[in-house]
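Structure record follows, encoded as structure tokens.
Structure, rendered in structure tokens:
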């Protein structure tokens, strides 16, 4: 199970970094979001033990660590908010500069 | 009843009041000022209390409840936060009363209480995950300061946000890997359960904090963000925000790594010092120049961390304080000129300050503190820092630090000459009373060295001693 998680984290982060290396701002924003979700999945692996149940009292039995689930929930919300902010910035830049290409936005640089 | 919760409740109340006063810019500016003074008062009271205060929010047992702890370093940083925020709030009020707010955006005033809440929280928390949450809150509220200025290039905001989010992800991964290893989130408990240097998670912490502190290989966002932010925004960014990164390193490196790999800080610090100084010399833009100067100055702090003795850590904390105050003052003086002229470039600001003796005195005092001339606080910081280097007999590093100081003098005086001596169209507008208040407050603080240099230095050394719990020190470590 944890091997599966590891592979999934690896794929998410690798795809995210590949997107980051491009020049398109929207792709960079999505790449960052993918890396963030890779990190979230990584948090899950820190608390998931095979054979244990989700922490609902009704289910009974040995639970996985509920603190990790609380943390990952916080992290997901934060990541979602930040990704939204980045995409909004990219959209605003696209409106005012008429392009999403990072190379062509460096004209303001002094 | 301890004062500690008020440090979080005051900004929360301020946030609510600012929200309720939406579209009434003057009211909001007054609310921000009262809130900053309240936070300053609470933190001063906490500091005077003289002992480490700890509470657990909500009264739950520790793994569920969140520990808030104010030890010496936290208390020093909280007082610094209140001070710089009050300065910025006075300047903001002055701008608002003049009818020259940097933006009409209704979200902009909200970023002040949010940032104060986040900074107070980050300096108080004793819990790793809570630290991460406040770290994000600091980042988000500062995105607003950078992206909402009237002429702010959104590219700068983009650059800052994107890099800062990557840093936050690194911090998250570092914290979670620590939790996976130790099963604890409370800072002291984690370091007790570790038992060995945390080589697997320290790099993540390092990258996150170097990005936030804008140290040399991770500095790309910082000069642009400083130039794009409003004047108050730049004061807060340079005075407090980049200090969060250094605070994180000071706080976590001893807990996680003990005295391991300190040479890394020497190399990073020296590179940052020289690179920042060279870049600052070449800047045609007054605010970008100050941004690169911050990169250079924080190099000194990292080098002091690299020497690693208690005295050197104390000098690093003292340097942090003196740099915050001096840089806030410099940004205020530059901003007072550039807000009226409408440009931050030296070419258009040339000679703008020839008829404003107050601003030129402020700039000179700030520059003296950066260079390290008596009687400013910067003098004590630099003496302490170089003294520790000499005591450690690290001659080549001391020589580099001396070179860095000389270069600091070079670019500061060059900028002073361009702003206040050159022929050009001088500003004739008289400064408002509030501007006089803000600038004199800043000058007084930077000149603290005259009568409070020694006590502040003592407090910083005490903070450094608490930073490194004796049971974690390696045996060969100088006690």
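Residue numbers (this note's numbering), protein chains in the order written: chain W, 1 to 110; chain Z, 1 to 479.
The beta carbon of each residue, even a glycine, is placed where N, CA and C say it ideally should be.
So, residue i versus residue j, is the Cβ gap smaller than 9 Å?
| i | j | result |
| --- | --- | --- |
| residue 249 (chain Z) | residue 205 (chain Z) | yes |
| residue 273 (chain Z) | residue 292 (chain Z) | no |
| residue 243 (chain Z) | residue 324 (chain Z) | yes |
| residue 171 (chain Z) | residue 145 (chain Z) | no |
| residue 362 (chain Z) | residue 329 (chain Z) | yes |
| residue 75 (chain W) | residue 63 (chain W) | no |
| residue 112 (chain Z) | residue 36 (chain Z) | yes |
| residue 54 (chain Z) | residue 42 (chain Z) | no |
| residue 97 (chain Z) | residue 434 (chain Z) | yes |
| residue 139 (chain Z) | residue 212 (chain Z) | yes |
| residue 82 (chain W) | residue 32 (chain W) | yes |
| residue 117 (chain Z) | residue 12 (chain Z) | yes |
| residue 16 (chain Z) | residue 120 (chain Z) | no |
| residue 257 (chain Z) | residue 197 (chain Z) | yes |
| residue 110 (chain Z) | residue 2 (chain Z) | no |
What is the DSSP secondary structure of residue i, reduced to helix, strand or coil?
| i | result |
| --- | --- |
| residue 436 (chain Z) | helix |
| residue 56 (chain W) | coil |
| residue 127 (chain Z) | strand |
| residue 138 (chain Z) | helix |
| residue 68 (chain Z) | strand |
| residue 57 (chain Z) | strand |
| residue 345 (chain Z) | strand |
| residue 189 (chain Z) | helix |
| residue 155 (chain Z) | helix |
| residue 263 (chain Z) | helix |
| residue 374 (chain Z) | coil |
| residue 219 (chain Z) | coil |
| residue 117 (chain W) | Outside the modelled stretch of chain W, which goes from 1 to 110, sits residue 117 (chain W), for which no answer is possible. |
| residue 96 (chain W) | helix |
| residue 392 (chain Z) | coil |
| residue 454 (chain Z) | helix |
| residue 13 (chain Z) | helix |
| residue 257 (chain Z) | helix |
| residue 397 (chain Z) | helix |
| residue 363 (chain Z) | helix |
| residue 75 (chain Z) | helix |
| residue 133 (chain Z) | helix |
| residue 147 (chain Z) | helix |
| residue 340 (chain Z) | helix |
| residue 462 (chain Z) | helix |
| residue 19 (chain Z) | helix |
Rounded to the nearest angstrom, what separates residue i and residue j at their Cα positions?
| i | j | result |
| --- | --- | --- |
| residue 387 (chain Z) | residue 445 (chain Z) | 24 Å |
| residue 210 (chain Z) | residue 57 (chain W) | 43 Å |
| residue 16 (chain W) | residue 34 (chain W) | 5 Å |
| residue 482 (chain Z) | residue 186 (chain Z) | Lying outside 1 to 479, the shown extent of chain Z, residue 482 (chain Z) is not represented and no answer is given. |
| residue 201 (chain Z) | residue 130 (chain Z) | 17 Å |
| residue 105 (chain Z) | residue 462 (chain Z) | 44 Å |
| residue 66 (chain W) | residue 208 (chain Z) | 26 Å |
| residue 458 (chain Z) | residue 315 (chain Z) | 10 Å |
| residue 231 (chain Z) | residue 192 (chain Z) | 43 Å |
| residue 372 (chain Z) | residue 409 (chain Z) | 9 Å |
| residue 479 (chain Z) | residue 312 (chain Z) | Confidence at residue 479 (chain Z) is low in this model, with a pLDDT of 39, below 50, so its placement is unreliable and no value can be given for it. |
| residue 475 (chain Z) | residue 264 (chain Z) | Here residue 475 (chain Z) scores only 48 on pLDDT, less than 50, and its place in the model is too uncertain to base an answer on. |
| residue 294 (chain Z) | residue 270 (chain Z) | 13 Å |
| residue 110 (chain W) | residue 84 (chain W) | Confidence is the limiting factor: at residue 110 (chain W) the pLDDT is only 45, short of 50, which leaves the residue's position unreliable, though a coordinate-based value still follows. Rounded to whole angstroms, residue 110 (chain W) to residue 84 (chain W) spans 29 Å at the Cα level. |
| residue 87 (chain Z) | residue 94 (chain W) | 36 Å |
| residue 100 (chain W) | residue 99 (chain Z) | 35 Å |
| residue 9 (chain W) | residue 188 (chain Z) | 30 Å |
| residue 49 (chain W) | residue 3 (chain W) | 12 Å |
| residue 157 (chain Z) | residue 222 (chain Z) | 10 Å |
| residue 70 (chain Z) | residue 18 (chain W) | 42 Å |
| residue 22 (chain Z) | residue 45 (chain W) | 44 Å |
| residue 51 (chain Z) | residue 72 (chain Z) | 8 Å |
| residue 421 (chain Z) | residue 354 (chain Z) | 6 Å |
| residue 24 (chain Z) | residue 122 (chain Z) | 30 Å |
| residue 383 (chain Z) | residue 377 (chain Z) | 10 Å |
| residue 71 (chain W) | residue 43 (chain W) | 8 Å |
Going by the DSSP bridge assignment, what does residue i pair with across the sheet?
| i | result |
| --- | --- |
| residue 63 (chain W) | W:53 |
| residue 101 (chain W) | W:24 |
| residue 285 (chain Z) | Z:345 |
>> Is it the case that the segment 401–409 of chain Z contacts the segment 270–279 of chain Z, given that we only count it when at least three CB pairs across the two stretches are under 8 Å?
In response: With contact defined as three or more Cβ pairs closer than 8 Å, the segment 270–279 of chain Z and the segment 401–409 of chain Z are in contact.
> Is there contact between the segment 108–126 of chain Z and the segment 156–167 of chain Z, where contact requires at least three CB pairs shorter than 8 Å?
Replying inline: Flag = no, the segment 108–126 of chain Z and the segment 156–167 of chain Z do not touch.
> With a cut-off of 8 Å, do at least 3 Cβ pairs link the segment 431–443 of chain Z to the segment 89–97 of chain Z?
Replying inline: They touch, by the three-pair rule.
>> Three or more C-beta pairs under 8 Å: does that hold for the segment 71–78 of chain Z against the segment 20–34 of chain Z?
In response: A contact is defined here as three or more CB-CB pairs under 8 Å, and the segment 71–78 of chain Z fails this definition with respect to the segment 20–34 of chain Z.
>> Under 8 Å: do the segment 381–398 of chain Z and the segment 303–310 of chain Z share three or more Cβ pairs, one atom per stretch?
In response: Touching, yes.
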